[in-house]
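K.L.:
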Amino acid sequence: MELFENWMVILADLLRTAGVPEEYLQLGALGVIYLTAIALVLLLILVVFRAARKPAKVETEALDLEQAEAEAEAEAEAEAEAEAEAEPEPEPEPEPEPEPEPEPEPEPEPEPE
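Using the numbering used here, you'd call the opening residue of the sequence shown number 152 and step up by one each time.
(1) Excluding the 5 residues flanking residue 232 on each side, which residues of the same chain have their C-beta closer than 7 angstroms to its C-beta?
(2) Quick check: the Cα distance between residue 217 and residue 194, rounded to an integer number of angstroms?
(3) I need the straight-line Cα distance from residue 219 to residue 198, nearest angstrom please.
(4) Pop quiz: residue 166 and residue 176 are said to be a contact at Cβ under 8 angstroms. What is the actual Cβ separation, rounded to whole angstroms?
(5) Could you tell me whether the Cβ atoms of residue 182 and residue 171 are closer together than 8 angstroms?
Here you go:
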């Protein structure tokens with residue numbers, strides 16, 4: 152109880168320097184202690200929930216990882232079977248290019264006489 156009273160005195164001094172009127176110092180100190188206690192309890196609840204949640208999350212991730220590996224393995228096997236069954240298509244032989252026709256030589260013009 153003495154510790155609580157010491158905290159009240161310290162908080163009252165802090166509130167006095169902050170400009171709180173004399174008649175509200177004790178009420179303000181109690182309010183600060185109350186709000187601090189509530190914040191600590193909420194923080195403790197949050198930590199407990201996170202600690203309780205982690206193992207379930209790890210197990211879920213492990214199951215998801217195993218399932219993903221199994222799916223990847225099945226997909227790889229299916230692709231390998233598809234490649235083995237598929238016959239390679241023969242590459243079409245390139246068609247020979249037609250040779251260009253030679254241009255006819257122009258006939259010489261007769262000379263005018």
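Ideal placement from N, C-alpha and C gives every residue a C-beta, glycine not left out.
P.N.:
By the coordinates alone:
(1) none
(2) 35 angstroms
(3) 31 angstroms
(4) The distance from the Cβ of residue 166 to that of residue 176 is about 5 angstroms, consistent with a contact at the 8 angstroms cut-off.
(5) no
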